[in-house]
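Residue numbers (this note's numbering): 302 to 684.
In this text, a Cβ means the ideal position worked out from N, Cα and C, and glycines have one as well.
The structure appears below as structure tokens.
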Ligand SMILES: [Zn+2]
């Protein structure tokens, strides 16, 4: 059984230990020490990384009463060990932050965290029941206030017969000694993970996304250093948008709305101009087959323009795109079943598409020359 130093002091970064065993496993050498400060993966918290005797520790997992360190190379004897403590501290911040947030939301509506995960993009929390935006905002505010109060985070080990006197959240049934993490006025939860000693170390808790998930809600939280990094990233983005749109940072949202409205207006005018142009072009259609190439690559444009051409031509087509990316097409007719035309185009131009007798849309993975050649070859049968 490994002596678990992280339960005695979660801030141990370096320690000396003896190698009990070192065997080759699937992911590397599996090293068991007589004692360790490396926390093994569990309860949503990833396993620690670092070095043992100068050898990289890729991951740490629990196996029975032992902690197994997955190492890149063999180690033996007495070894100096060091954790990637920056990474571990970030997990401690995120883990403790999750406790506080869950404590408040649980009190409000009885929500349990049924899917906790600390990942690269933040902390994921799956709430077991639906919650309102107001509840989330309240829980977030109360959690941050608990941080400002710098409350102690204590581990309590109640005796079996005392346990029923405690009102605590529990993620799953636990065998053996129960360890309760007590954050005054905020949360009491059974947990074996690593936590900060005082809530002030967490820094900040921010909900960055909430979406319906199964019967409840899936939240992404940014906590601690990760929240600061997220803030810095978003600040940089807002700054860039602010410079590009010549708007104050706090007014970029209105500025984006303005640009979107302008774009919509321009799009409308552009479509009108294009419609005029195609109407002029359609004048020259000889009434049999008529096709046009357009480099915009826009399927909706192709559809509209083709419809205009079909007012004049017996069968009309618009090919939109370029030789590099291929072409979108629309074929239309008021009186002829264009599905036959499309089938011919598809077969000779590596295409696909579908539609009605009046209009077919699709795409062709070939060159303009090839399309023009095919188009000339297509014969329209009398119906
Ligand atoms: Zn915990």
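Considered as a whole, the stretch 573-637 harbours 590-595, 616-623, 627-633 as its complete beta strand (DSSP E) runs of no fewer than 3 residues, in chain order. Contact check for residue 485 against residue 452 passes: the beta carbons are separated by less than 8 Å.
Per DSSP, residue 404 lies in no beta strand (DSSP E); the unbroken alpha helix (DSSP H) holding it starts and ends at 386-410. With a cutoff of 7 Å, residue 370 does not count as near ligand 1, since its C-beta is closer than that to no heavy atom of the ligand.
Between residue 359 and residue 389, the gap from beta carbon to beta carbon reaches 8 Å or more.
Proximity to residue 319 across 312, 610, 333, 560 peaks at 333, based on C-alpha coordinates.
Between residue 618 and residue 592, the C-beta gap is smaller than 8 Å, which places the two residues in contact. Near ligand 1, meaning a beta-carbon closer than 6 Å to one of its heavy atoms, we find 396, 400, 482, 492, 494, 496. Assigned with DSSP and collapsed to three states, residue 307 falls in helix. For residue 645, the closest C-alpha among the options 421, 667, 678, 525 is that of 678.
Non-local beta-carbon contacts of residue 666 in its own chain, meaning distances under 6 Å to residues more than five positions away in sequence, involve 627, 651 in chain order.
By the beta-carbon neighbour count (other beta carbons within 10 angstroms, threshold 16), residue 303 is buried. For residue 482, the uninterrupted beta strand (DSSP E) segment begins and ends at 481-484.
For residue 478, the three-state secondary structure derived from DSSP is coil. Taking C-beta atoms as the reference points, residue 417 and residue 444 fail to come closer than 8 Å. Put simply, the stretch 532-551 does not touch the stretch 415-435. Fewer than three CB pairs are less than 8 Å apart. In the three-state reduction of the DSSP assignment, residue 302 falls in the coil class, being assigned neither a helical nor a strand state. Counting along the chain, residue 357 sits inside the beta strand (DSSP E) bounded by residues 356-364.
Judged by DSSP in its simplified three-state form, residue 345 adopts coil rather than helix or strand. Here DSSP, grouped into helix, strand and coil, assigns residue 550 to helix.
Checking the DSSP bridge columns, you'll see residue 489 partnered with 483. Counting C-beta pairs closer than 8 Å gives fewer than three between the stretch 372-384 and the stretch 427-441, which falls short of the contact rule. Counting C-beta atoms within 10 angstroms of its own C-beta, residue 529 has fewer than 16 neighbours from the protein chains shown and is therefore classed as exposed.
Under the DSSP definition of a beta bridge, residue 525 lacks any partner.
Counting the other CB atoms within 10 Å of its CB gives residue 326 a total below 16, which places it among the exposed residues. Excluding residues up to 5 positions away in sequence, 616, 632, 679 lie with their Cβ nearer than 7 Å to the Cβ of residue 642 in the same chain.
The shortest C-alpha to C-alpha distance from residue 466 to any of 454, 455, 481 is the one to 481. At the C-beta level, residue 503 and residue 448 come within 8 Å of one another. Residue 339 is positioned such that its CB atom lies closer than 8 Å to that of residue 351.
At least 8 Å separates the beta-carbon of residue 477 from that of residue 396. Here residue 316 is actually not in contact with residue 346; their C-beta atoms are around 20 Å apart, not less than 8 Å. Proximity to residue 313 across 382, 560, 624 peaks at 382, based on C-alpha coordinates.
DSSP, read as helix, strand or coil, puts residue 500 in helix. With fewer than 16 neighbouring CB atoms inside 10 Å of its own CB, residue 581 falls in the exposed class.
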